[in-house]
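If you're matching them up, the sequences are chains A and B in order.
Residue numbering for the first sequence follows this note's numbering, starting at 3 and increasing by one per position.
Residue numbering for the second sequence follows this note's numbering, starting at -16 and increasing by one per position.
Where a beta carbon is used, it is the ideal one built from N, C-alpha and C, also for glycine.
If you're wondering where the values come from, they're calculated on a predicted model, not measured in any experiment.
This report refers to the structure that appears directly beneath it.
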Amino acid sequence: MMDFIRDYGLILILFILPVIFVIQPLFLPMIAKKNIQVDVTSLKRKKLLIYRQIKELEMEFDIGNINEQDFSSGRADLKREVSEVIAQLNSL
Amino acid sequence: MTPIAGSVAMNLAFGFSILTVLTLILYTRNGDQRLFLTGQRLALGISFFVFLATFILAYQLIQSNFDIDYVARYTSIETPFVYKITALWAGQSGSLLFWLFILSIYATIVILQNQGKHNSLMPWVIITLAIIQMFFLVLTNYVTNPFKPTDADFIVANGNGLNPLLQNVTMAIHPPTLYLGYVGFSVPFGFAISAMINRDTSPLWIQSIRRWALVAWLFLSIGIILGGWWAYRELGWGGYWAWDPVENASFMPWLTATAFVHSIIIQEKKDMLRVWNMVLIIITFTLCIFGTFLTRSGVMSSVHSFTGSSLGPIFLTFVFLIMIVSFGMMYFRRNVLKSPRKMESFTSRESGFLFNNMVFVVMCFAVFWGTLFPVFSEAVRGTKITVGPPFFNQINIPIGLILLALTGIGPLLAWRKTGKKSLIRNFTFPIITGLIVSIILLLIGFRGAVVMSFSLGAFVTATIVTEFARGIRARQKKLNESIVMSLVRMVSKNRSRYGGYVVHLGIVLMFVGFTGHAFDEEKEFSLKVGESDHVAGYNFELIKLSEAERPNHYAWISDLRVTKIDGEFVTNLHPEKRIYFHKNPDPNRRQPHSELDIHNTLNKDIYSIFSGVDSENGVAFIKIMINPLVEWVWLGGYILIFGTMIALWPRKDQ
């Protein structure tokens, strides 16, 4: 009897519980899909990426890998890009 | 009960994988978040059942349950505990389950790490990973089941035991690291497919997988280096790389993956090379599956192919499906794969990266062609023609030297365009350094690839030193810091850049080691106790020849005293001749094995092999190899790992 309980208790824990865990969300009330067009996390990541690019550009300039003209135009481009992202974030 | 539980768990995992795919596809159609949550949980369920099945098999191996065919084939009562665990990946079905186990670890991390992030990408990432899991679950459930009971109609008292070649600590680590690399590329591949389906091929998906790609690349690199280390220390032919098909199977994805981890930098920073990155990750992942196919199908003869099987057609079908679906998707998404920016100049860092990609792909194709030439020749002419190391060396040494040169040239080029003045200023010191080294080597008497390799090594090292020096100087000038503080802060703030340079230094050191191969010497001789012979300025005297019976083998142990010709003592070497399963009444089942002994120095290795014994007359047959600079390969490997760790170390904002 103990063996039976041990074996089938194990089956319950290992096989039945995962099934309950999986189907549980289906019994929740309907959840609307998040607006995937406006992904705040992605925008924040994009902002971070551009900030890093600005830092790196400054470093390249300090090292002497790029000339002043390229540095200025590159920096202006990146600043414009980041302003657009910030504007998008602010509008949310 | 437990072996059955293993089979049940694998079947449930298979069922869950189908449900995951269906549920998430339904979610992408109707957008009901409940379906996404269920799909995510189903995917976690696949991993849970795979973990369960793997632990059950490991437990059966430890318990020596010979009722299971796999346990009886790859372990015995005498097999040491640690090798009972490593037997998990010694055979075909176990290693496929282990592949699945690692994929499930990765899938679990990806799902948990991205809760609430990448809302548009994640459903298709999970679907892609679940389809890959499904493929391996089909194999392990219906083609080669690790829980299959033993066929014998009697009680199996003992198993075959593990192949002696695999009873080695390195071999305990080598396959898992290689698999961690192979399987790791499933994640960037999943993100790539998802990005294409979502029509979002901007640099954001690259940012999500950069670390994944680096982690997989690191493990693949460690796996390859450990494989070389194992071959060098265990196989007894004195080398670490033989262009064996299975070695090549891991080297090919490494080449395209190396191109990929470089190329994604361009997309991340400049939003260029979108098509290249897609192609590279698709090829890398396909080659990872193909590598598993080469190892497991038995289509190629190799020292590493520990199993032969009928898995070939199934694997090949999967490989073709991946390629058709992925490249088909690229075709249909060709409009969003167009990069918004174009190359501005040939002398730019962007073009350096592009050229780098091309050279890596050419090298990969050369290795692919040489590896599969026996198969192609058999299909076309009906005769299997094998191309050996001379073919691979002839093709790959020049390409390798070009890559080494690019390692130095790339960092010296500026983004967008490098002006004439900058070119002269940046290249002067490294070129002069390389020229000085080549002149010295030519004067000493070296020629050809040896001179090229060492000179380019010096050129690249000078580049790296220049880059660090300029970076430190710029910080000192701007922030008035000490040299040490500048170095620490500079590396800390630009981890991927300076970590990358450290990796390049590791590659240079490895090339130094590879070049040492040109000066190898060897000699084979027989010795009785008290006799001696000499090789390359070293004298080898057999001091003692003893015998020992150990738990899983019988051994003859030689004691070789190594001195220089002038009598200066160098070391004592103790290579052994072993017979595994020596108690087996069937002599054909006993396995001879030579256990090497190596005296390592940075300058050269003295490599001793006890190749045979005449126990009646007390004669030992010894082979000695003098292998210069081999230690530099391993040293370069450590530096490569260290550099990648720097590049991977998380920043505060991550």
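Check: With distances taken from CA atoms, which of A:Ser85, A:Met61, A:Leu50 is nearest leucine 462 of chain B?; Outcome: A:Met61
Check: Cutting at 6 Å between CB atoms, please list the residues of its own chain near histidine 500 of chain B, excluding the five before and the five after it.; Outcome: none
Check: Apart from the five residues just before and just after threonine 91 of chain B, which ones in its own chain have a Cβ nearer than 7 Å to its Cβ?; Outcome: Leu27, Ser30
Check: Please classify glutamate 638 of chain B as buried or exposed, where buried requires at least 16 other C-beta atoms within 10 Å of its C-beta.; Outcome: Any question about residue 638 of chain B goes unanswered here, given that chain B covers just -16 to 637.
Check: What did DSSP end up calling methionine 608 of chain B once you bin it into helix, strand or coil?; Outcome: strand
Check: Chain B partners of serine 93 of chain A, CB-CB under 8 Å?; Outcome: Under the 8 Å cutoff, chain B gives no residues; its nearest Cβ is about 18 Å from serine 93 of chain A.
Check: Given this structure, state the Cα-to-Cα distance separating leucine 28 of chain A from isoleucine 22 of chain A, to the nearest angstrom.; Outcome: 10 Å
Check: With DSSP collapsed to three states, give me the class of valine 512 of chain B.; Outcome: coil
Check: Taking all protein chains shown into account, decide if phenylalanine 303 of chain B is buried (16 or more other Cβ within 10 angstroms of its Cβ) or exposed.; Outcome: exposed
Check: Over the uninterrupted alpha helix (DSSP H) stretch that includes valine 491 of chain B, give me the two end residues.; Outcome: 478 to 499
Check: Tell me the start and end of each unbroken alpha helix (DSSP H) in the segment -2 to 62 of chain B that is at least 4 residues and wholly inside, in chain order.; Outcome: 16 to 45, 52 to 57
Check: What residues of chain B sit near leucine 16 of chain A, judged by a beta carbon separation below 8 Å?; Outcome: Ala(-12), Ala(-8), Leu35
Check: Given a threshold of 16 other Cβ atoms within 10 Å of its Cβ, counted over all protein chains shown, does arginine 182 of chain B qualify as buried or as exposed?; Outcome: exposed
Check: For glutamate 333 of chain B and chain A, any beta-carbon pair shorter than 8 Å?; Outcome: no
Check: Do the segment 59 to 66 of chain B and the segment 119 to 137 of chain B touch if we need at least three Cβ pairs shorter than 8 Å?; Outcome: no
Check: Quick check on the DSSP output: the beta strand (DSSP E) that includes phenylalanine 552 of chain B runs from which residue to which?; Outcome: 552 to 556
Check: So is serine 85 of chain A in contact with chain B if we call contact Cβ pairs under 8 Å?; Outcome: no
Check: Going along chain A in order, which residues have a C-beta closer than 7 Å to the C-beta of phenylalanine 31 of chain B?; Outcome: Pro20
Check: Is the CB-CB distance between leucine 201 of chain B and threonine 546 of chain B below 8 Å?; Outcome: no
Check: For isoleucine 380 of chain B, which residues in the same chain have their Cβ closer than 7 Å to its Cβ, ignoring the five residues on either side in sequence?; Outcome: Ala432
Check: Report the neighbours of aspartate 79 of chain A on chain B: residues whose CB is nearer than 9 Å to its CB, in chain order.; Outcome: In chain order: nothing, as chain B lies at least about 10 Å away.
Check: Any C-beta of chain A sitting closer than 8 Å to the C-beta of alanine 175 of chain B?; Outcome: no
Check: Please say whether valine 434 of chain B and leucine 623 of chain B have beta carbons closer to each other than 8 Å?; Outcome: no
Check: From asparagine 141 of chain B to threonine 37 of chain B, what does the alpha carbon distance come to, in whole angstroms?; Outcome: 22 Å
Check: Quick check: valine 24 of chain A and arginine 12 of chain B, are their CB atoms within less than 8 Å of each other?; Outcome: no
Check: Could you check the C-alpha separation between glutamine 75 of chain B and serine 233 of chain B for me, to the nearest Å?; Outcome: 17 Å
Check: Looking only at its chain, what residues have a beta carbon closer than 6 Å to the beta carbon of threonine 111 of chain B, apart from the 5 residues adjacent to it on each side?; Outcome: Gly173, Ile176
Check: Which residue's Cα is closest to the Cα of tyrosine 590 of chain B: B:Ile207, B:Tyr162, B:Gly222, B:Thr160?; Outcome: B:Gly222
Check: Are the segment 521 to 535 of chain B and the segment 46 to 63 of chain B touching by the rule of at least three beta carbon pairs closer than 8 Å?; Outcome: yes
Check: Count Cβ pairs between the segment 40 to 49 of chain B and the segment 97 to 114 of chain B that sit closer than 8 Å; are there 3 or more?; Outcome: no
Check: Verify the CB distance criterion: does phenylalanine 23 of chain A have a CB-CB separation below 8 Å to chain B?; Outcome: yes
Check: State the CB to CB distance for the pair phenylalanine 268 of chain B and serine 204 of chain B, rounded to an integer number of angstroms; the pair is presumed to be in contact (CB under 8 Å).; Outcome: So it is not a contact: roughly 17 Å between Cβ atoms.
Check: Given a limit of 9 Å on CB to CB distance, which residues of the segment 0 to 18 of chain B reach chain A?; Outcome: Leu2, Tyr10, Asn13, Gly14, Asp15, Gln16, Arg17, Leu18
Check: Give, in chain order, every residue of the segment 450 to 470 of chain B whose Cβ lies closer than 9 Å to some Cβ of chain A.; Outcome: Glu450, Arg453, Gly454, Arg456, Ala457, Arg458, Lys460, Lys461
Check: In terms of DSSP beta bridges, what is proline 132 of chain B paired with?; Outcome: B:Ile51
Check: Using a Cβ cut-off of 8 Å (strictly closer), state whether glutamine 90 of chain A contacts chain B.; Outcome: no
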